[in-house]
Amino acid sequence: MINSLALLSASCGVLLFFHRRVLTYLRYFQQEEYNGQRFLAWFWRYRAFDRRGSVICLLTLLVTGGLTVIAPTSLTLLGWLLGAGALAWIAWREDDPRKTGKVTLKITQRARRIWYTASGLFLGVVLVMTILWWLTVSNGYLPFYWLIVLLLIQCSPFLLILANRILAPYERGIQQSFRAEACTVLAKVDPTVIGITGSYGKTSTKTILGALLDTVAPTFWSPGSINTEMGLVREIRERLKTGYRFAIIEMGAYGIGSIRKLCNLTPPQVGVITYVGVMHLERFGSQEAIYQAKSELAQAVPESGILVCNGDNPGARRMAAEYPKARTLLYGLNPEDAQLDCWMSDIAITVAGTQFVIHWDGQAYPGTTPLLGQPMLSNLLAAFTTACALGAHPTALIAATRNLSPPAHRLELRQQYGALVIDDSYNSNPVGFAEALAILGQLPGRRKLLITPGMIELGELQESENRRLATLAATVCDLVLVVGETNAKAFAEGLQAGGAGADRAQFFPHRESARAYLEKTVAEGDVILWENDLPDIYEDQPSF
2 MINSLALLSA SCGVLLFFHR RVLTYLRYFQ QEEYNGQRFL AWFWRYRAFD RRGSVICLLT
62 LLVTGGLTVI APTSLTLLGW LLGAGALAWI AWREDDPRKT GKVTLKITQR ARRIWYTASG
122 LFLGVVLVMT ILWWLTVSNG YLPFYWLIVL LLIQCSPFLL ILANRILAPY ERGIQQSFRA
182 EACTVLAKVD PTVIGITGSY GKTSTKTILG ALLDTVAPTF WSPGSINTEM GLVREIRERL
242 KTGYRFAIIE MGAYGIGSIR KLCNLTPPQV GVITYVGVMH LERFGSQEAI YQAKSELAQA
302 VPESGILVCN GDNPGARRMA AEYPKARTLL YGLNPEDAQL DCWMSDIAIT VAGTQFVIHW
362 DGQAYPGTTP LLGQPMLSNL LAAFTTACAL GAHPTALIAA TRNLSPPAHR LELRQQYGAL
422 VIDDSYNSNP VGFAEALAIL GQLPGRRKLL ITPGMIELGE LQESENRRLA TLAATVCDLV
482 LVVGETNAKA FAEGLQAGGA GADRAQFFPH RESARAYLEK TVAEGDVILW ENDLPDIYED
542 QPSF
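So the sequence shown is numbered by the numbering used here: it starts at 2 and just counts up by one.
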């Protein structure tokens, strides 16, 4: 009876602990888009093993094992109860991943299914252990219960991956059903589909083009950075209604074939290529693979369609030459590098925004916009060129550029801490980083401060590119705050190479500690650049 009570109490504590612990792992699994390989890479990189629960199991194993030999059964029961209680206490005290972290866990239907399935697998093993004990009625078996629990807790991430694998056929069925519904909606509305892709600039170009075309006719575009198949399926099913004349589809590439799949879902009549570069080189393996993946959009546009490419970028120019359409248009900021159909000159940056002149179809159109930086102006040109190709009047578009709002966290200006803040936290690529530093240097201010974790997913170029940008930052910034360990070494070397001494560089384990330091040191008249903001899987050092 006493052993049964011990086993029951232990099982309750263990199940409560696992239910919460696997939820914490699920937050990181979700950030890796339920990709088991990338999730395990994160797990091994940060050695994200459970420690708290495992220590409790090990101590309970040692204590109750000894008590079973030398002490009364009641003391053994007490040890089991204390072990179960300690696990329950840890579970109750842990932060709720649904409420904490920069990117909280979103309990979608899929996440809930994975969570419950993993918990069910764990419960199944615990039940088997309990039944085995009842069948054997062996007091000697009991102490080893805690050893098995310890191993199970350490296997929590693998149970999540297994649960995802088990659910895969069901998930595919649901996705196919939703996809078919989205295709039906798209066929019924029948808008002109404009696909946008590139190593960077996709989201900003989509947002700007949406705002410009919306002045011509009702235009659909997905919010934020939604650019995956199921994300777009959801947006089309829920938001695409009769009356939309244009549909702008941002197309992200997670490997060769990704954009082809999106083009099958939303066949484009117009394609926009913003930039072909080294972003996500770690994921693709080579620059040629990146080019092949991005060119799937150009290939999908019919011969009678429109292809708009960045004439300042060799990869985009190559794509325009290899996959010409009835109208193939090049835009850019450097007309001396290529024969451009649309370009910009007389650029002047102020705190209020940018003044410029756009050249299109033999005419010059002076204008102003709140947007800052050459990458953002390049995105504006992409949108302007595309809208003109679709029949919009250039003068009306120029008027609309005055009211454009910078996409959130992409070279967005605001006042904070009594200082001017350039929020570029959703944007991190070598070209954009360099331009953000140039803007920081041009804006008037008492001191120039940079806060950044650096850039990621650059493959073999990551260390050298971060070192190079750190050297550049040293020539612009009075103080650099480096966040996290991911690029700390490269930044330290680059800042030193650029002449920034120890008094001009500070290193912090995470964003919040850097923010706290900034609030103490910032003064009125300072200009602060927030460049990039890594998700928890890169910045957060997990502690379990």
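All residues carry an ideal CB built from backbone N, CA and C; glycine is no exception. Keep in mind the model is a prediction, meaning the values are calculated, not measured.
request  = Ignoring anything shorter than 3 residues or poking outside the segment 239-313, list the beta strand (DSSP E) runs there in chain order.
outcome  = 247-251, 271-274 and 307-311, all fully within the segment 239-313.
request  = Look at Asn314 and Ser429 and say whether their C-beta atoms are less than 8 angstroms apart.
outcome  = no
query = With 16 as the cutoff for other CB atoms within 10 Å, does Gln416 come out buried or exposed?
reply = exposed
inquiry  = Classify Gly54: buried if its beta carbon has 16 or more other beta carbons within 10 angstroms, exposed otherwise.
reply    = buried
request  = Give me the Cα-Cα distance between Gly485 and Thr453, rounded to the nearest whole angstrom.
outcome  = 9 angstroms
ask   = Which partner residues of Met345 appear in the DSSP bridge assignment?
value = Met345 is bridged to Ile359.
ask   = Taking only runs of the beta strand (DSSP E) that begin and end inside the segment 362-449, which ones reach a length of at least 3 residues, in chain order?
value = 364-370, 413-417 and 420-425
query = How would you label Ile260, buried or exposed, when you count the other beta carbons within 10 angstroms and need 16 or more for buried?
reply = Its Cβ being crowded by 16 or more others within 10 Å, Ile260 is buried.
message = For chain C, check one thing: does any of its Cβ atoms lie closer than 8 angstroms to the Cβ of Leu214?
response = Among the chains in the structure shown there is no chain C, since it carries only a single protein chain.
request  = Pick helix, strand or coil for Glu95, following the three-state DSSP scheme.
outcome  = coil
key: Contacting residues, own chain, Cβ-Cβ under 6 angstroms from Ile529 (five flanking each side not counted)   = Ala420, Val422 and Leu450
ask   = Is Leu331 helix, strand or coil by DSSP?
value = strand
message = At the level of alpha carbons, what is the spacing between Met456 and Gly86?
response = 43 angstroms
message = Using a 10 Å radius around the Cβ and a threshold of 16 neighbouring Cβ atoms, would you call Lys189 buried or exposed?
response = Taking a 10 Å sphere around the C-beta of Lys189, we find fewer than 16 other C-beta atoms and assign the residue as exposed.
key: Backbone secondary structure at Thr453 - three-state DSSP   = strand
ask   = What number of angstroms, rounded off, separates the C-alpha of Gly526 from the C-alpha of Asp338?
value = 39 angstroms
query = By the 10 Å Cβ neighbour count, where 16 or more other Cβ atoms means buried, how is Ala322 classified, buried or exposed?
reply = Per the 10 Å Cβ criterion, exposed.
task = Note down the Cα distance separating Leu308 from Gln270, rounded to an integer number of angstroms.
result = 9 angstroms
key: Assigned secondary structure, Glu532 (DSSP; H/G/I helix, E/B strand, else coil)   = strand
query = Quick one: what's Phe221 bridged to in DSSP?
reply = Ala248
query = Arg21: buried (16+ other C-beta within 10 angstroms of its C-beta) or exposed?
reply = Sixteen is the threshold: when 16 or more other Cβ atoms of the shown chains lie within 10 Å of the Cβ of Arg21, as they do, the residue is buried.
query = In three-state DSSP terms, what is Val234?
reply = Reduced to three states, the DSSP call for Val234 is helix.
inquiry  = Here's the rule: buried if 16 or more other CB atoms are within 10 angstroms of the residue's CB, otherwise exposed. What is Ser223?
reply    = buried
Rounded straight-line distance, which links the Cα of Val127 to that of Ala89 = A straight line joining the alpha-carbon of Ala89 with that of Val127 spans about 16 angstroms.
ask   = Under the rule that 16 or more other beta-carbon atoms within 10 Å means buried, what is Pro303, buried or exposed?
value = exposed
query = Around the C-beta of Ala164, are 16 or more other C-beta atoms found within 10 angstroms, so that it is buried, or is it exposed?
reply = Buried, since its Cβ has 16 or more Cβ neighbours within 10 Å.
key: Close-in-space but distant-in-sequence residues of the same chain around Ala327 (CB under 6 angstroms, 5 per side omitted)   = Within its own chain, the residues whose Cβ lies closer than 6 angstroms to the Cβ of Ala327, once the five positions on either side in sequence are excluded, are Ser305, listed in chain order.
task = Go ahead and label Asp97 buried or exposed: buried means 16 or more other beta carbons lie within 10 angstroms of its beta carbon, across all protein chains shown.
result = exposed
key: Between the CA atoms of Leu168 and Arg114 - distance to the nearest angstrom   = 8 angstroms
query = What does Phe508 pair with, by DSSP beta-bridge criteria?
reply = Val483
query = Going by the CB atoms, is the gap between Asn467 and Thr206 shorter than 8 angstroms?
reply = no
ask   = Looking at the unbroken beta strand (DSSP E) that takes in Gly196, where does it start and where does it end?
value = Thr193 to Thr198 is the extent of the beta strand (DSSP E) around Gly196.
key: Inter-stretch contact at 8 angstroms, needing at least 3 Cβ pairs: the segment 364-382 / the segment 200-214   = yes
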